[in-house]
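Numbering (the numbering used here), first residue to last: -2 to 497. Worksheet for the structure shown next.
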Ligand code: SIN
């Protein structure tokens, strides 16, 4: 088969390499350069129940609980059961995971994991190590790589996806297209995601009529360096013993949750935001008790960046704030990455497989990319013909998670509407479709997003702006439709949001 993979993170690289190994003719398209995306920046690591006293069943339970019970059991089972093989495959590709003195893989702890089970490389440089190893493998494979190829549309014939059209008008035909473009962190004014993460794959799927689901669930990471360009300070730092303190030095997470700093990420992010609002200044991440030697050995990348900014975190706490980090929802898929459109697959953060529920468990994202990237490539051969995939329904019976319902609200703006301005959209999403939401704010955001027009997409930046607008409308509409708080989707009264 001729296969197109769009995106060069762990999910896209894994899918391309596995499809190539299975004998398909694979073309990998990335809009920028390989290594531009989130994978290469991932610090924490990749989760897997590979240590003594741990099991895939425990990992599954933690995943389901962190997701506030909204995850899909079948998908979670596929994820946790696939972890050992995925990590072995990465080792075979040349990823030098850190090891204990006895030679066993080192196991880090992160929030909401009941066991230390995060494999990491170079301390906090796991994503860079994985990206480099997979790109090396890619260069040695038969996969044709086209960098600077921005896909603007999917080609569809008689309801089946049969290729792509790039922004420069070049059409490439294929028997199967795999979307692996990552999430949409650039929807928000403050994000850990690099500039190119603009929801392109989700926008492509929406324009083509594929179902999406769970887009209201956006994860905000609680500990991003406050002030200056956003820089993630890994949850693994809290897993190693760092604590959060308010302006008075009080360890406030002890008052918020039995697991304190290692509570689920959405709980910690909201507590950090509330405390910062109450004291009118950022809270502090205190890693001083870990000592200079441990910090240097375990978190060299973070230490180097902090030093570059004039901060010695072994001596004083660092100011932190939440920022948009990860999109739990996406293009609705089954456990083999198949979307509702024949010929179209989606993997990694672009997809809504159902593994993350309403809030992703830390370090399950690299794992998802590796496991479901491989599964999608394998399913190309098993399901080359037409099939019918029914998208997930919400447990509450409201229609907000059904792709059909979300597609209804994704229209083009009015004829004479203002062209969307990226920073204005990002600020609107941050203020009204962010960490804490009100019904009024969501209603206003939906109206304003629909009043803007997309720019005509004649340049990569214009195409990104159009994609951001498409995805923003879908996220805000999904959030408005989900009237009760669940996981990362948190509805409060207007008085409370004023206080935050
Ligand atoms: C982190 O290192 O805190 C981020 C890891 C993740 O998003 O899973």
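Here a beta-carbon is modelled for each residue, glycine too, at the ideal position from N, C-alpha and C.
query, result
"Cβ-based burial, residue 335 [other Cβ within 10 Å; buried from 16]", "buried"
"N- and C-terminal bounds of the alpha helix (DSSP H) containing residue 447", "436 to 448"
"Proximity below 8 Å, CB of residue 144 to CB of residue 0", "no"
"Chain-ordered residues, beta carbon under 5 Å from a heavy atom of the ligand SIN", "40, 41, 231, 232, 359 and 360"
"CB contact flag (residue 345, residue 365, <8 Å)", "yes"
"Expected contact under 8 Å - CB spacing of residue 60 and residue 73 to nearest Å", "5 Å"
"Residue 301, buried or exposed, once every other Cβ within 10 Å from all chains shown has been counted against 16", "exposed"
"Three CB pairs or more closer than 8 Å across the stretch 43 to 58 and the stretch 190 to 199", "no"
"Sequence-distant residues of its chain with Cβ nearer than 7 Å to residue 18 (five each side left out)", "none"
"Cutoff 7 Å; reference residue 373; Cβ partners in own chain excluding five residues on either side", "12, 175, 333, 334, 342 and 344"
"Own chain partners of residue 414 with C-beta closer than 8 Å, once the 5 adjacent residues on each side are dropped", "448, 449 and 450"
"Spatial distance of residue 200 from residue 49 (CA atoms)", "43 Å"
"The stretch 163 to 173 contacting the stretch 286 to 302, beta-carbon criterion three pairs below 8 Å", "no"
"Inter-residue Cα distance where the pair is residue 183 and residue 38", "15 Å"
"Through-space distance from residue 190 to residue 35, alpha-carbon basis", "6 Å"
"Contact between the stretch 471 to 478 and the stretch 429 to 443 (3+ Cβ pairs under 8 Å)", "yes"
"Three-state secondary structure (DSSP) of residue 217", "strand"
"Which of helix, strand or coil DSSP assigns to residue 457", "helix"
"Secondary structure, beta strand (DSSP E): runs of 3+ residues fully inside the stretch 254 to 302", "280 to 283"
"Rounded separation between residue 444 and residue 315 - CA only", "39 Å"
"Option in 265, 136 and 326 with minimal Cα separation from residue 468", "326"
"Within 8 Å, strictly: CB atoms of residue 108 and residue 306", "no"
"Runs of beta strand (DSSP E) lying entirely within the stretch 142 to 225, each at least 3 residues, in chain order", "148 to 154, 157 to 163, 168 to 170, 173 to 176 and 215 to 222"
"Coarse secondary structure for residue 320, derived from DSSP in three states", "strand"
"8 Å Cβ cutoff met for residue 185 and residue 4", "no"
"One or two residues paired with residue 242 in a DSSP bridge", "281"
"Any alpha helix (DSSP H) of 4 or more consecutive residues that is wholly inside the stretch 10 to 71", "53 to 63"
"Of the listed residues 208, 237, 272 and 231, nearest to residue 249 (C-alpha basis)", "272"
"Delimiting residues of the beta strand (DSSP E) encompassing residue 370", "Taken as a continuous stretch (DSSP letters only), residue 370 belongs to no beta strand (DSSP E), being part of the alpha helix (DSSP H) at 361 to 379."
"Reduced DSSP secondary structure (H/G/I, E/B, other) of residue 332", "coil"
"Residue 489, DSSP secondary structure in three states", "coil"
"Three-state class that DSSP yields for residue 0 in the structure shown", "strand"
"Sufficient close CB pairs (3 or more, under 8 Å) joining the stretch 111 to 121 to the stretch 229 to 242", "yes"
"Residue 341: first and last residue of the uninterrupted beta strand (DSSP E) it sits in", "341 to 343"
"Whole-angstrom distance between residue 471 and residue 171, CA atom to CA atom", "28 Å"
"Endpoints, alpha helix (DSSP H) assigned at residue 128", "123 to 136"
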